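Using the UniProt record's numbering, the first residue of the sequence shown is number 1, and each one after it goes up by one. Written out below as structure tokens is the structure these notes cover.
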Amino acid sequence: MAHSQEPHPSWKRVSERNWEQAYGFQDAFYGRIVGKAGESALFLVASSMSIRFAGNISEDEQAMRLRNAWIQMRFSYPIIASVAHGNKRVYQSPLEMTDVHDWAARTFRIMGNTTITDIWHNLVKTEQPTMHFLPKTHELFLQAEHTHFDGRGGLHFWDEYFTLLVNPKQVTLGQDLGNLPGRSDDYVNMKERSPGRGVDLATHMLQALDVSPPETPISYHLTKTNKVPGHLLPPVNSRATFNFSSRDTSRINDACKDRNLSLVAVWHTAVVLASQDVQRDANAELGSAYSTCANFDLRRYFKDNHCQDSDKRAYIGNFHCVLPYKVKPNGRTFLEVAQDLTSFYRLGLQDQPDIWAALRPMMEGIGGSFSDGPPADTTPAVSSLGVLDHFVKRNYSGPACECYIGDAWFGVTATGSWMESFIWQFQGSLVLNSCFNRIYYLDEEVDAFHSRVRNHMIQGLGLSNILGDSRL
Numbered sequence: 001m002a003h004s005q006e007p008h009p010s011w012k013r014v015s016e017r018n019w020e021q022a023y024g025f026q027d028a029f030y031g032r033i034v035g036k037a038g039e040s041a042l043f044l045v046a047s048s049m050s051i052r053f054a055g056n057i058s059e060d061e062q063a064m065r066l067r068n069a070w071i072q073m074r075f076s077y078p079i080i081a082s083v084a085h086g087n088k089r090v091y092q093s094p095l096e097m098t099d100v101h102d103w104a105a106r107t108f109r110i111m112g113n114t115t116i117t118d119i120w121h122n123l124v125k126t127e128q129p130t131m132h133f134l135p136k137t138h139e140l141f142l143q144a145e146h147t148h149f150d151g152r153g154g155l156h157f158w159d160e161y162f163t164l165l166v167n168p169k170q171v172t173l174g175q176d177l178g179n180l181p182g183r184s185d186d187y188v189n190m191k192e193r194s195p196g197r198g199v200d201l202a203t204h205m206l207q208a209l210d211v212s213p214p215e216t217p218i219s220y221h222l223t224k225t226n227k228v229p230g231h232l233l234p235p236v237n238s239r240a241t242f243n244f245s246s247r248d249t250s251r252i253n254d255a256c257k258d259r260n261l262s263l264v265a266v267w268h269t270a271v272v273l274a275s276q277d278v279q280r281d282a283n284a285e286l287g288s289a290y291s292t293c294a295n296f297d298l299r300r301y302f303k304d305n306h307c308q309d310s311d312k313r314a315y316i317g318n319f320h321c322v323l324p325y326k327v328k329p330n331g332r333t334f335l336e337v338a339q340d341l342t343s344f345y346r347l348g349l350q351d352q353p354d355i356w357a358a359l360r361p362m363m364e365g366i367g368g369s370f371s372d373g374p375p376a377d378t379t380p381a382v383s384s385l386g387v388l389d390h391f392v393k394r395n396y397s398g399p400a401c402e403c404y405i406g407d408a409w410f411g412v413t414a415t416g417s418w419m420e421s422f423i424w425q426f427q428g429s430l431v432l433n434s435c436f437n438r439i440y441y442l443d444e445e446v447d448a449f450h451s452r453v454r455n456h457m458i459q460g461l462g463l464s465n466i467l468g469d470s471r472l
């Protein structure tokens with residue numbers, strides 16, 4: 001066994017081979033709501049990629065190579081072998097390669113007669129991140145808890161995984177410890193400028209999540225009236241996607257650039273207005289305020305605090321934050337709302353006084369609403385993964401093999417009564433994706449919602465005459 005390296009100082013040794021790390025502010029939120037292994041759970045993250053190998057490689061050989069790459073990831077990014085335990089994560093360093101192969105036997109699964117949809121439909125929490133290989137459909141499916149990955153972390157994972165697949169590296173017992181990273185709390189300065197300022201700012205930020213009279217909520221009006229939001233029923237994981245054509249994608253991107261608008265802000269605005277459409281069509285009270293949280297990637301702010309050897313491994317992990325924001329669209333044009341949201345999404349967080357000190361108390365405040373299970377809310381949540389091509393290539397080539405990457409998908413389990421809505425761009429196409437609990441939504445309802453969102457984006461950017469209107 002090689003001389004082991006030291007992990008980030010946030011990891012504490014508790015026995016010969018066991019290490020523990022107290023959760024950072026974001027992981028503490030997810031850690032308090034996750035269920036037991038083998039059970040359905042809220043906010044399990046998942047992603048899939050289609051993969052084809054060049055040449056005539058048997059299914060068994062493909063599985064062996066993919067499994068070996070998974071093992072290499074264990075050494076380079078040992079966070080994937082950590083276990084969530086209460087308010088901390090626990091990592092057990094292998095003493096022998098048999099320990100590694102035992103881990104791989106549990107966490108790398110060959111699924112001969114199933115589909116990605118089947119896995120997603122029946123997804124339950126596993127003790128550690130797990131990779132599924134579907135040789136019949138040439139697909140890979142990765143599942144984990146949100147404490148292991150966020151969306152950007154998943155993108156970094158896939159790029160590194162495919163790189164190791166085609167260009168394998170030698171692994172050595174002991175090298176894993178030096179690759180255990182810190183937490184967001186370690187990489188941004190969370191110290192308050194003045195005592196109590198962080199809590200005060202957190203309290204102010206949380207006000208954006210409060211919709212009370214005279215405001216009324218803009219949310220998705222459920223038509224499955226026999227299902228009551230908040231009523232505990234076994235969740236049924238479902239998903240729906242809408243793919244823009246390459247032509248539509250190009251025109252939308254150009255229109256956003258011409259108007260100096262963030263594409264995410266344009267989409268967010270369209271989700272707000274589409275939700276109002278659903279309320280209007282159901283003859284429900286038309287809401288005036290759309291309140292939700294938006295995601296921000298913290299990796300861009302690590303900078304000088306990101307200097308330990310282990311820190312280079314931090315990019316595969318959960319290093320995002322959410323910030324509350326309230327949209328009031330009534331009496332305003334699409335472009336006016338989109339401009340406000342553009343300013344919000346382009347915030348330089350490092351320029352906001354005491355913003356880092358406010359993150360933990362803010363997340364504790366949000367977590368309180370989940371203490372008795374998922375809140376009874378139907379406001380679609382919004383998350384953007386950006387341009388996937390900036391992370392995942394179309395093909396990977398190396399001395400071991402060459403492979404081609406096709407379809408990509410990302411999602412998170414939504415066991416409550418709201419949709420988790422996403423947008424990303426991959427290989428020339430914008431994609432809308434929503435994850436939802438089929439207890440509350442019909443598949444065709446979510447498809448129709450995506451069409452509404454698409455139409456509002458097209459109309460709001462003044463592209464109806466060019467791209468047409470698919471109004472239902």
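The beta-carbon is built from N, C-alpha and C at its ideal position, and this holds for glycine as well. Note that this is a predicted model, so its numbers are computed, not measured.
Can you list the alpha helix (DSSP H) stretches of 4 or more residues lying completely in the segment 297–383, in chain order?
334–345 and 355–368
Going by DSSP, what residue range makes up the beta strand (DSSP E) through T241?
Along the sequence shown, read from residue 1 onward, the residue named residue 241 stands at position 241. It spans N237 to N243 - the beta strand (DSSP E) in which T241 sits, taken as one unbroken run.
Spatial neighbours of K125 within its chain, please: CB distance less than 8 angstroms, with the 5 preceding and 5 following residues excluded, ordered by chain position.
Position 125 of the sequence shown holds residue 125. For K125, where only same-chain residues beyond five positions count, the Cβ hits under 8 angstroms are V34, G35, K36, A37, G38, E39, S40, A41, L44 and E145.
Name the two residues that bound the continuous beta strand (DSSP E) containing H85.
Along the sequence shown, read from residue 1 onward, the residue named residue 85 stands at position 85. Its beta strand (DSSP E) spans residues V83 to H85.
Quick check on T415: buried or exposed, where buried means 16 or more other Cβ atoms within 10 Å of its Cβ?
Here the question's residue 415 lines up with position 415 in the sequence shown. Burial call: buried.
Taking the beta strand (DSSP E) that D389 falls in, what are its first and last residues?
Numbered from its first residue, the sequence shown carries residue 389 at position 389. Premise fails: D389 is in no beta strand (DSSP E) and is neither H nor E.
For F242, I'd like the list of residues in its chain whose CB is within less than 6 angstroms of its CB, leaving aside the five on either flank, ordered along the chain.
The count along the sequence shown starts at 1 and reaches residue 242 at position 242. Excluding positions up to five away in sequence, the list reads L432 and H450.
Bridge partners of Q92, per DSSP?
Residue numbering aside, residue 92 sits at position 92 when the sequence shown is read from its first letter. DSSP, once it has assigned bridges, lists N18 as partnering Q92.
Rounded to a whole number of angstroms, what is the C-alpha to C-alpha distance between H8 and K88?
Position 8 of the sequence shown, counting from 1, holds the residue named residue 8. Position 88 of the sequence shown, counting from 1, holds the residue named residue 88. Distance between the alpha carbons of H8 and K88 is about 15 angstroms.
Provide the residue(s) that pair with F436 in DSSP beta bridges, ordered along the chain.
Taking the first residue of the sequence shown as position 1, residue 436 is located at position 436. For F436, which the question treats as bridged, DSSP gives the partners S238.
Is N226 helix, strand or coil by DSSP?
For this step, residue 226 is matched to residue 226 along the sequence shown. Below a pLDDT of 50, predicted positions are generally treated as unreliable, and N226, at 48, falls in that range; the measurement from the model is reported next regardless. The answer is coil: DSSP assigns N226 none of H, G, I, E or B.
Do the segment 323–341 and the segment 173–192 touch if we need at least three Cβ pairs shorter than 8 angstroms?
no
Check each candidate in Q21, L123, N56 and E59 and name the one with the smallest Cα separation from V83.
Numbered from its first residue, the sequence shown carries residue 83 at position 83. The shortest Cα separation from V83 among Q21, L123, N56 and E59 belongs to Q21.
Measure the alpha-carbon distance for W409 versus D99 and round it to whole angstroms.
Taking the sequence shown and counting its residues from 1, the one referred to as residue 409 is at position 409. Taking the sequence shown and counting its residues from 1, the one referred to as residue 99 is at position 99. Approximately 31 angstroms, taken between the alpha carbons.
Quick check on S212: buried or exposed, where buried means 16 or more other Cβ atoms within 10 Å of its Cβ?
As a working mapping, residue 212 is identified with position 212 in the sequence shown. So S212 ends up on the exposed side.
Report the rounded CA-to-CA distance for G317 versus F302, giving the unit in angstroms.
On the sequence shown, position 317 is the one that residue 317 refers to. On the sequence shown, position 302 is the one that residue 302 refers to. Cα to Cα, G317 sits roughly 14 angstroms from F302.
Thinking C-alpha only, which one of S10, S58, M64 and T117 is nearest Y91?
Sequence index remark: in the sequence shown, residue 91 carries index 91 (1-based). Checking every option, the nearest Cα to that of Y91 belongs to S10.
If you draw a straight line from the C-alpha of V387 to the C-alpha of V264, how long is it?
As a first step, residue 387 is located in the sequence shown; it is residue number 387 there, counting from the start. As a first step, residue 264 is located in the sequence shown; it is residue number 264 there, counting from the start. Cα to Cα, V387 sits roughly 11 angstroms from V264.
So G174 is in the alpha helix (DSSP H); what residue range does that whole segment cover?
If you number the sequence shown from 1, residue 174 lands on position 174. Where G174 is concerned, there is no enclosing alpha helix (DSSP H), given that its DSSP letter is neither H nor E.
Beta strand (DSSP E) containing R52: first to last residue?
For the purposes of this step, residue 52 is taken as the residue at position 52 of the sequence shown. Unbroken beta strand (DSSP E) run through R52: L44 to F53.
Counting beta carbon pairs with one atom in the segment 343–350 and one in the segment 192–210, are three or more of them shorter than 8 angstroms?
no
So is T223 buried or exposed if we call it buried at 16+ other beta carbons inside 10 Å?
Here residue 223 refers to the residue found at position 223 of the sequence shown. With fewer than 16 other Cβ atoms within 10 Å, it is exposed.
Among residues of its own chain, excluding the 5 on either side of R193, which ones have a beta-carbon nearer than 7 angstroms to its beta-carbon?
Walking along the sequence shown from the start, residue 193 turns up at place 193. Once the five neighbours on either side are set aside, the close Cβ partners of R193 are P353 and D354.
Identify which residue in R109, T117, L442 and T115 has its Cα closest to the Cα of T130.
Taking the first residue of the sequence shown as position 1, residue 130 is located at position 130. Ranking R109, T117, L442 and T115 by Cα distance to T130 puts R109 first.
Under 8 angstroms, with one C-beta from each stretch per pair, do the segment 110–121 and the segment 22–31 reach the 3-pair mark?
no
Report the residue from P94, E139 and S93 whose alpha carbon sits nearest the alpha carbon of residue 492.
Residue 492 is absent from the structure shown; the chain starts at 1 and stops at 472.
Are there 16 or more other CB atoms within 10 angstroms of the CB of S434, so buried, or fewer, so exposed?
Here residue 434 is taken as the residue at index 434 of the sequence shown, counted from 1. S434 should be labelled buried.
Is the beta carbon of F29 less than 8 angstroms from the beta carbon of G367?
Indexing the sequence shown from 1 puts residue 29 at position 29. Indexing the sequence shown from 1 puts residue 367 at position 367. Inclusion of F29 and G367 in the CB contact set at 8 angstroms is warranted, their separation being smaller than that value.
For the alpha helix (DSSP H) that K257 lies in, which residues bound it at each end?
Taking the sequence shown and counting its residues from 1, one reaches residue 257 at position 257. Per DSSP, K257 is one residue of the alpha helix (DSSP H) stretching across S246 to D258.
Do P235 and G287 come within 8 angstroms of each other at the CB atom, strictly closer than that value?
The residue given as residue 287 occupies position 287 in the sequence shown. The residue given as residue 235 occupies position 235 in the sequence shown. Not closer than 8 angstroms, so no.
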